[in-house]
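Mapping the sequence shown onto numbering that gives the first Met the number 0, position 98 (from 1) lands on 97, and the numbers just tick up by one.
Glycine residues also receive a C-beta, built at the ideal position from the N, C-alpha and C atoms.
Note that the coordinates shown come from a computational prediction; the quantities given were computed from them, not determined experimentally.
Working notes, beginning with the structure itself.
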Amino acid sequence: MFYTSAEAERLLGVKNHVLRYWTGEMPLIQPNKDRTGRVLYSGRDLRLLLRLKHLLYRRRLSVGDARAQLEKELSGGRQDLRAELDALRSLLVDMFFLAEH
């Protein structure tokens, strides 16, 4: 499932220019474009953006430190636990959008 920039803005509570900045700074987040040029975020992209927002706003990390933390989390051990957390985040994102419609 893919989400438009407007849906990503609503879910994350940040403006589109912030999303563009974050995706430019985070090579892990790679949104696609459809035939009309609209930016589309995958569920994985949104989960990474949610985690990034948490690291930046709650933990108050710099963008560079947050990027390093995300890379560490994605490459570290405990992949079984990470897979379960990823599945839970995915479910929560889907539920959010179902509740919106």
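With C-beta atoms as the reference, is Q68 less than 8 Å away from L54?
yes
Just the C-alpha distance for Q29 and R58, rounded to the nearest angstrom, thanks.
24 Å
Taking the straight line between their C-alpha atoms, what separation do you get for R9 and G75?
31 Å
Return helix, strand or coil for T35, following the three-state DSSP convention.
coil
CB of S89 within 8 Å of CB of R50, strictly:
no
For S61, which three-state DSSP category applies?
coil
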